[in-house]
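Chemist: Just passing along the structure, written as structure tokens.
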Amino acid sequence: MGKPWKPSTLPEDAKALRAQSANRPERAGSRSSSIPSKPSKCPMAGPIAALSKLDVTIRRLTQLISTSAGQERVLSAIQYNSQILHYILSSNAARSVSSGLRLTKPSGLPLPNPSTPAKPRLLALSSVISETRTVLRLFGLVKLWSWGSATAKAPPRDPILRAIAYSQVFVNVVYQLLENIAFLSSKGVISRRIVERFGSIGKWYIWSTRAWLAHVVLDIIRLVRERILWMRRPRKWTVEQLVNEGEEEEQLRWSELRERLKALLNNMAWLPLCMHWSAEEGIGIPDSLVGLLGATAGAWGLRDAWVDTAAMV
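Residue 1052 in our numbering sits at position 149 of the sequence shown; the count goes up by one each step and never skips.
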């Protein structure tokens, strides 16, 4: 008879092997089952974050348009940027790209062009926004009264600045009054026959814009005069003043300089437009440039107003 079969490893040997394997260090790169797995990302994390950002943006926009000045800035940006976009899309380069991407029928025949509207949509949008801004300015005389009252109660000390301030109040009243009469007459609110005894509606608008042009010129003169007075002011610093007030004075100086630069950019953008609209035949500014100048005039102010809303939400 053969030898009886027995296992190659006795129970005592198996215990010894298990003990050795438990004390053996793991190889580099081997993964232990005890390492916790990374938590899986929530599939809705992205949409929730996007929705949160949208909520903040809408609340900031609400703060921006909650004031009449904010509404004016937003509407002005829409009006002039829609003009810019229209002329970009209607340029030769944009048309060539559009014609290259135009789809064709399976038979190879080109698709029929859609009917062109009587007025391009972007220019129609610009026109609607322009009329909306005019309607909102109907109450401008009330604000001008407050401006004139504040100027009369606390006029500038410098005689030149004081004369400029009074002149600006006057020309703005003329501008707003003439525009209101022309607009309401064009809508049938005021008798057109009575208004046209003194000139056509177009003439009223031209004289209104000339008053606006006077305001722009006066504002440029004001900025120049303020700069001159700033350079002339005495600056006598002691060591203690330099330590305690030097930094604050520097911040104030740069803040005032920034505001003057912003006002200067605004006026220099409006100046050619006012000159163009004040002339019966214009001064040769193409329509494609009107939107760019108008958007430039309000870009800095809109940017600052938008930044200010960050602290309100």
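All C-beta atoms, glycine included, are put in the ideal place defined by N, C-alpha and C.
Every value quoted in this text rests on a predicted model; they were computed, and no experiment measured them.
1) Return helix, strand or coil for tyrosine 1188, following the three-state DSSP convention.
2) So, is glycine 1197 buried or exposed, given that buried needs 16 or more other C-beta atoms within 10 angstroms?
3) Could you please give the first and the last residue of the uninterrupted alpha helix (DSSP H) stretch that includes lysine 1056?
4) Looking only at its own chain, which residues have a Cβ that is under 6 angstroms from the Cβ of glutamine 982, when we skip the five neighbours before and after it?
5) Quick one: what does DSSP say alanine 1182 is sitting in, helix, strand or coil?
6) Let me make sure I understand the geometry here. Which of Gln966, Asn1170, Thr960 has the alpha-carbon closest to that of leucine 1116?
7) Could you check whether the Cβ of valine 977 sits closer than 8 angstroms to any heavy atom belonging to the ligand ADP?
8) Flag this pair as touching only if the segment 1063 to 1070 and the segment 1128 to 1139 have three or more C-beta atom pairs under 8 angstroms; answer yes or no.
9) Is it right to say glutamine 1154 is buried, meaning 16 or more other beta carbons lie within 10 angstroms of its own, or is it exposed?
10) Excluding the 5 residues preceding and the 5 following serine 1070 in the sequence, name in chain order all residues of the same chain whose CB lies nearer than 6 angstroms to its CB.
11) Closer than 7 angstroms by C-beta to methionine 904: which residues in its own chain qualify, once you throw out the five before and the five after it? Chain order, please.
12) What residue ranges within the segment 1059 to 1123 form continuous alpha helix (DSSP H) runs of no fewer than 4 residues, ordered along the chain?
13) If you count every other CB in all the chains shown that lies within 10 Å of the CB of leucine 1081, and 16 or more means buried, which is it?
14) Less than 9 angstroms between the beta carbons of valine 1210 and glutamine 966, yes or no?
15) How many angstroms separate the CA atom of glutamate 1184 from the CA atom of glycine 1105?
16) Beta carbon of alanine 1217, beta carbon of alanine 1202: below 9 angstroms?
17) If you reduce the DSSP assignment to three classes, tell me which class threonine 970 lands in.
18) Flag arginine 1128 as yes if its beta-carbon sits less than 9 angstroms from any beta-carbon of chain C, otherwise no.
19) Identify the continuous alpha helix (DSSP H) that holds threonine 1037 and give its terminal residues.
20) Given this structure, state the Cα-to-Cα distance separating threonine 1054 from serine 1191, to the nearest angstrom.
21) Helix, strand or coil for methionine 1215? Go by DSSP, reduced to three states.
22) Helix, strand or coil: which one does DSSP assign to arginine 976?
23) Lysine 909: buried (16+ other C-beta within 10 angstroms of its C-beta) or exposed?
24) With a threshold of 16 other CB atoms inside 10 Å of the CB of asparagine 984, please say whether the residue is buried or exposed.
25) How many angstroms separate the CA atom of alanine 1214 from the CA atom of isoleucine 961?
26) What is the DSSP secondary structure of proline 914, reduced to helix, strand or coil?
27) Taking DSSP as the reference, what is the three-state secondary structure of arginine 874?
28) Go ahead and label cysteine 945 buried or exposed: buried means 16 or more other beta carbons lie within 10 angstroms of its beta carbon, across all protein chains shown.
29) Exposed or buried, what is leucine 957 when buried is set at 16 or more other beta-carbons lying within 10 Å of its beta-carbon?
Modeler: Once the coordinates are examined:
1) Here the sequence assigns isoleucine to residue 1188, which means tyrosine is not the residue at that position. Three-state result, isoleucine 1188: coil.
2) buried
3) 1043 to 1056
4) Ser1029, Ile1032, Ser1033
5) coil
6) Asn1170
7) Of the ligands one can find in the structure shown there are none, so the ligand ADP has no counterpart to examine.
8) yes
9) exposed
10) Leu1121
11) Per-residue confidence for methionine 904 stands at a pLDDT of 47, beneath the threshold of 50, marking its modelled position as unreliable; no derived number is given.
12) 1062 to 1089, 1095 to 1098
13) buried
14) no
15) 12 angstroms
16) The structure shown does not extend to residue 1217, since the chain spans only 904 to 1216, so no value can be given for it.
17) coil
18) In the displayed structure, chain C is absent; only one protein chain is listed.
19) 1024 to 1039
20) 38 angstroms
21) coil
22) helix
23) Confidence at lysine 909 is low in this model, with a pLDDT of 46, below 50, so the placement of that residue should be treated as unreliable; the coordinate-derived value is given next. Exposed is the call here.
24) buried
25) 14 angstroms
26) Here proline 914 scores only 48 on pLDDT, less than 50, and its place in the model should not be relied on; the value that follows carries that caveat. Correct three-state label for proline 914: helix.
27) Any answer about residue 874 is impossible in this case: the structure gives the chain only from 904 up to 1216.
28) exposed
29) exposed
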